[in-house]
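Reading through the structure tokens given below for one structure.
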Amino acid sequence: MTGSICGTGSYIPRFTMDNNDIAKLVDTSDEWIRERTGIIRRHIIKEETTVSMASEAGKRALENAGMDAEEIDLILVATISSNVLLPCTACEVQKNLGAVNAVCLDLGGTACSGFVLAYNTAEAYLSWGIYKTALVIGSESLSAITNWGDRGTCILFGDGAGAAVLKAQEGVSYLPAVHSDGAKGDALTCRSRYEVNGITKKDSYISAEENEYFIQMDGQAVFKFAVKKVPEVIGEVLELNSLGKEDIDLYILHQANRRIVEAVAKRLEEPIEKFPMNLQEYGNTSSASIPILLDELNRAGRLKPGQRLLLAGFGAGLTWAASILRLPE
Ligand code: COA
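Take a look at the structure:
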């Protein structure tokens, strides 16, 4: 038994900022950003929220799967940027969709590995027969936690949501490869804005303008980590499942930086055509990047029955993860 993807959806905010717009905020240029990252523009929330984007992406995934919301047993949302702490984003999605029979939970803090970890979690529930259907969502409003005065980070991030519907079906359940290295967590951080403690820190409210309340990153350290660990974890997940590179049709990597994706392809000695990218349009949308890309490929007719996909995420924690899935025949 396995959890097969049988529908996808996404929601992208309409408002965009291209590299020239960013160059009005910080000392940078379109040329520099394109060359170092491959990013051309990013979409930014205006009236949308993490919850509203997650709900719309989920609704579109259900429509694509031809399922009603009541048929969903589990809703899992990966996010680091929910606009609400309580109730969790997954419960808000449940309410908005009318998925009255679903168990709902968020996977917080898993950042750019979030969708792969959420997919693994849902797939494990489905392959063990605990639930029959799952809606797995990655949704992020990173613009709300980005320091728009820091050129080392604000050029990179964007907002959006993607979703996949999984159904328990006969088939092989592949083992995932997942790693965490908390000792290197300082490379990518964002402190809680809710540190004001009404009892013990009454007078110590720290302004949200302070830089540490936004994403802070050692760009070079994260870059080096990604180009080393992603090829390693891809090799590991292939070996774990006795598969070779020739068994993989497409590598769906977290969309952080074109140079990272190209370096991974080179290290694996795989053609770049097997690594679809859309980061030029959206920037890095953290947990949303993989399901947005999956949805775009699906709607463009590039996902075919029986194809094997390899998903790989990496980011804050530090965490990195890879999973293999087979599309239903
Ligand atoms: N515009 C123009 N110049 C910039 C700049 C910007 N936005 N950001 C940095 N620079 C400058 C630096 O100040 C430095 O100048 P100097 O040589 O005069 O000191 C020079 O460009 C090189 O900086 P460096 O930090 O070495 O650039 P880089 O090639 O490492 O690119 C990143 C920076 C952030 C694009 C790159 O490190 C990266 O993509 N890292 C991974 C980030 C990531 O993907 N994070 C999320 C993972 S989930």
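Count along the sequence shown from 1, then add 1; that gives the number in our numbering. Using N, Cα and C, we set each Cβ at its ideal position, and we do this for glycine too.
Quiz item: Which class does V78 belong to by DSSP, given the choice of helix, strand or coil?
Solution: As a first step, residue 78 must be located in the sequence shown, where it is residue number 77. Strand.
Quiz item: Do the stretch 63-78 and the stretch 149-160 meet, that is, are 3 or more Cβ pairs less than 8 Å apart?
Solution: Judged by Cβ distances under 8 Å, the stretch 63-78 makes no contact with the stretch 149-160, as fewer than three pairs qualify.
Quiz item: Given that a residue counts as buried once 16 or more other Cβ atoms are within 10 Å of its Cβ, and exposed if not, what is D1?
Solution: No statement about residue 1 is possible, as the shown extent of the chain runs from 2 to 330 and does not include it.
Quiz item: Taking the runs of the alpha helix (DSSP H) that are 4 residues or longer, which of them lie wholly in the stretch 37-98?
Solution: Fully enclosed alpha helix (DSSP H) runs of 4 or longer: 51-66 and 90-98.
Quiz item: What is the C-beta distance between S114 and G284, in whole angstroms, given that I count them as a contact (C-beta under 8 Å)?
Solution: Translated into the one-based positions of the sequence shown, residue 114 becomes position 113. Translated into the one-based positions of the sequence shown, residue 284 becomes position 283. S114 to G284, Cβ: 17 Å. No contact.
Quiz item: Apart from the five residues on each side of it in sequence, which residues of its chain come closer than 7 Å, Cβ to Cβ, to M18?
Solution: Within the sequence shown, residue 18 is the residue found at index 17, counting from 1. Taking C-beta separations shorter than 7 Å and ignoring five residues to either side along the sequence, the partners of M18 in its chain run R42, R43 and I45, following chain order.
Quiz item: Should Q221 be listed as close to the ligand COA, given that the test is whether its C-beta is under 8 Å from any heavy atom?
Solution: Counting from 1 along the sequence shown, the entry for residue 221 is found at position 220. The nearest non-hydrogen atom of the ligand COA is less than 8 Å from the C-beta of Q221.
Exercise. Would you give the residue range spanned by the alpha helix (DSSP H) that E141 belongs to?
Key: Start at 1 with the first residue of the sequence shown, and residue 141 comes out as number 140. Careful: E141 lies outside any alpha helix (DSSP H), inside the beta strand (DSSP E) at T134 to S142.
Quiz item: With distances taken from CA atoms, which of A164, F224, L167 and A123 is nearest A188?
Solution: Start at 1 with the first residue of the sequence shown, and residue 188 comes out as number 187. The option with the nearest alpha carbon to A188 is F224.
Quiz item: What is the DSSP secondary structure of L254, reduced to helix, strand or coil?
Solution: Here residue 254 refers to the residue found at position 253 of the sequence shown. L254 falls in the strand class under three-state DSSP.
Quiz item: Which residue's Cα is closest to the Cα of G10: A162, L118 and D69?
Solution: Counted from its first residue, the sequence shown places residue 10 at position 9. A162 is the residue among A162, L118 and D69 whose C-alpha sits nearest the C-alpha of G10.
Quiz item: Out of E330, S290 and L319, which has the shortest C-alpha to C-alpha gap to Q308?
Solution: Position 307 of the sequence shown holds residue 308. The closest CA to that of Q308, considering only E330, S290 and L319, is found on E330.
Quiz item: Thinking just about the alpha-carbon of each residue, which of A313, R152, C191 and K305 is nearest to the one in N20?
Solution: Position 19 of the sequence shown, counted from the first residue, corresponds to residue 20. Comparing Cα positions, the closest option is R152.
Practice problem: Using a threshold of 9 Å, state whether the C-beta atoms of A70 and A91 are closer than that. | Solution: In the sequence shown, residue 70 corresponds to position 69, counting from 1. In the sequence shown, residue 91 corresponds to position 90, counting from 1. Cβ atoms of A70 and A91: not closer than 9 Å.
Exercise. Give every residue of the same chain whose Cβ lies closer than 8 Å to the Cβ of N121, excluding the five residues on either side of it in the sequence, and list them in chain order.
Key: If you number the sequence shown from 1, residue 121 lands on position 120. Correct list, in chain order: P177, V179, A322 and S324.
Quiz item: With burial defined as no fewer than 16 other Cβ atoms inside 10 Å of the residue's Cβ, what is the status of D248: buried or exposed?
Solution: The sequence position of residue 248 within the sequence shown is 247, counting from 1. Flag for D248 reads exposed.
Quiz item: What are the start and end residues of the beta strand (DSSP E) that includes Y331?
Solution: This structure cannot settle anything about residue 331, because the visible part of the chain is limited to 2 through 330.
Quiz item: Considering only residues of the same chain and omitting the five flanking positions on each side of P272, which have a CB-CB separation below 8 Å?
Solution: As a working note, residue 272 is residue 271 in the sequence shown. Around P272: A266.
Quiz item: Under a three-way DSSP split, which group does V228 fall into?
Solution: Working through the sequence shown from its first residue, we reach residue 228 at position 227. In the structure shown, V228 sits in a helix (DSSP, three-state: H, G or I).
Quiz item: Cα separation between E240 and G314?
Solution: What you label residue 240 is simply residue 239 of the sequence shown in a count that begins at 1. What you label residue 314 is simply residue 313 of the sequence shown in a count that begins at 1. Straight-line measurement puts the Cα of G314 at about 18 Å from the Cα of E240.
Quiz item: Can K305 and L328 be called in contact, C-beta distance under 9 Å?
Solution: Residue numbering aside, residue 305 sits at position 304 when the sequence shown is read from its first letter. Residue numbering aside, residue 328 sits at position 327 when the sequence shown is read from its first letter. Yes.
Quiz item: So is the beta-carbon of V27 under 8 Å away from any non-hydrogen atom of the ligand COA?
Solution: For this step, residue 27 is matched to residue 26 along the sequence shown. V27: yes, Cβ under 8 Å from the ligand COA.
Practice problem: Using the Cα positions of Y214 and E49, report the straight-line distance between them to the nearest angstrom. | Solution: Within the sequence shown, residue 214 is the residue found at index 213, counting from 1. Within the sequence shown, residue 49 is the residue found at index 48, counting from 1. A straight-line Cα-Cα distance of about 22 Å links Y214 and E49.
Quiz prompt | For I131 and S1, the rounded distance between their alpha carbons | solution = Residue 1 is absent from the structure shown; the chain starts at 2 and stops at 330.
Self-check item: Distance, A145 Cα to I23 Cα
Solution: Counting from 1 along the sequence shown, the entry for residue 23 is found at position 22. Counting from 1 along the sequence shown, the entry for residue 145 is found at position 144. Note on geometry: alpha-carbon atoms of I23 and A145 lie some 15 Å from one another.
Quiz item: DSSP three-state call for G115: helix, strand or coil?
Solution: Here residue 115 refers to the residue found at position 114 of the sequence shown. Three-state result, G115: helix.
Quiz item: Under a Cβ-count criterion, where at least 16 other Cβ atoms within 10 Å of its own Cβ denotes burial, should Q95 be classed as buried or exposed?
Solution: As a first step, residue 95 is located in the sequence shown; it is residue number 94 there, counting from the start. Under a 10 Å Cβ-count criterion, Q95 is classified as buried, with 16 or more other Cβ atoms of the shown protein chains found around its own Cβ.
Quiz item: Does the beta-carbon distance from M2 to E274 come in below 9 Å?
Solution: Within the sequence shown, numbered from 1, the residue matching residue 2 stands at position 1. Within the sequence shown, numbered from 1, the residue matching residue 274 stands at position 273. Not closer than 9 Å, so no.
Practice problem: Pull up the distance between the alpha-carbon of L167 and that of I253, whole angstroms please. | Solution: By one-based count along the sequence shown, residue 167 stands at place 166. By one-based count along the sequence shown, residue 253 stands at place 252. When rounded, the distance between both Cα atoms is 17 Å.
Practice problem: Grab the span of the alpha helix (DSSP H) containing A322 for me, first residue to last. | Solution: As a working mapping, residue 322 is identified with position 321 in the sequence shown. From DSSP, A322 is part of no alpha helix (DSSP H) but of the beta strand (DSSP E) over T320 to R327.
Quiz item: Cβ of N191 versus every heavy atom of the ligand COA: is any distance shorter than 8 Å?
Solution: Indexing the sequence shown from 1 puts residue 191 at position 190. In the sequence under discussion, the amino acid at residue 191 is Cys, which differs from the Asn named in the question. No, Cβ of C191 sits at least 8 Å from all heavy atoms of the ligand COA.
Exercise. Inspect the beta-carbon positions of S288 and T111 and report whether they are closer than 9 Å.
Key: As a working note, residue 288 is residue 287 in the sequence shown. As a working note, residue 111 is residue 110 in the sequence shown. Yes, they are a contact pair.
Quiz item: Is A1 near the ligand COA, in the sense that its beta carbon is under 8 Å from a heavy atom of that ligand?
Solution: Outside the displayed span of the chain (2 to 330) sits residue 1, for which this structure offers no information.
Quiz item: With respect to the beta strand (DSSP E) encompassing Q170, which residues constitute its N-terminal and C-terminal limits?
Solution: Residue 170 sits at position 169 when you count from the first residue of the sequence shown. Boundaries of the beta strand (DSSP E) harbouring Q170: D160 to Q170, taken from the DSSP string.
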